[in-house]
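Position 16 of the sequence shown, counting from 1, maps to 16 under UniProt numbering, and the rest follow consecutively. By construction, the Cβ of each residue, glycine as well, lies at the ideal position given by its N, Cα and C atoms. Bear in mind the structure is a predicted one, so any value in this text is a computation, not a measurement.
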Amino acid sequence: MTRAPCVRFNSAKRAAELKFYLEEPNNYDTLSMVFYRSSRFGRLQTITCAIVGKNLYMRFICSTGDAMGMNMVSKGVQNVLDFLQNDFPDMDVIGISGNYCSDRKPAAVNWIEGRGKIGGL
């Protein structure tokens, strides 16, 4: 399952700083522990990012056990956003879903990167 919040900064440089932070492998353990605060079953697999001007779109890819898991993923993502606000106080959260997760809409990003469960596996 995926959830992709959008955040905005005053500069593209600052958005890039958060992108590098999120994609740095050494930060994964900390971010995943923050994500897990709200769920015993939701597991953060990876975070990918895309910068568009001063906006940063973060795509959280998660496993959700037997549940569809949209609420569990949203709560975990909100935990991470709250945590990031400490180091990036100039981060303005535009929305918990910036449409990079493409809920209920056909989108090439879901064909390429996947979204949701793979049946029978």
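Contact holds between the stretch 22-42 and the stretch 64-75, because three or more Cβ pairs, one in each stretch, are under 8 Å apart.
Within the same chain, and ignoring the five residues on either side of V34 in sequence, the residues whose Cβ sits closer than 6 Å to its Cβ are N79, V80, F83.
Contact between F20 and M91 does not hold, since the beta-carbon distance rounds to 14 Å and is not under 8 Å. Where S63 is concerned, the enclosing beta strand (DSSP E) starts and stops at 55-63. Rounded to whole angstroms, the separation of the alpha carbons of P89 and L56 is 15 Å.
Secondary structure at R14: helix, using DSSP grouped into helix, strand and coil. P25 counts as exposed, since fewer than 16 other C-beta atoms from the protein chains shown sit within 10 angstroms of its C-beta. Annotation for G95: the continuous beta strand (DSSP E) segment containing it runs 92-95. As computed with DSSP, T30 is found in no beta bridge at all.
The C-beta distance from S97 to R3 rounds to 6 Å, short enough to meet the 8 Å contact threshold.
About 6 Å separates the beta carbon of A12 from that of I51, a gap short enough to meet the 8 Å contact definition. Counting only the Cα atoms, S63 lies some 26 Å from N86.
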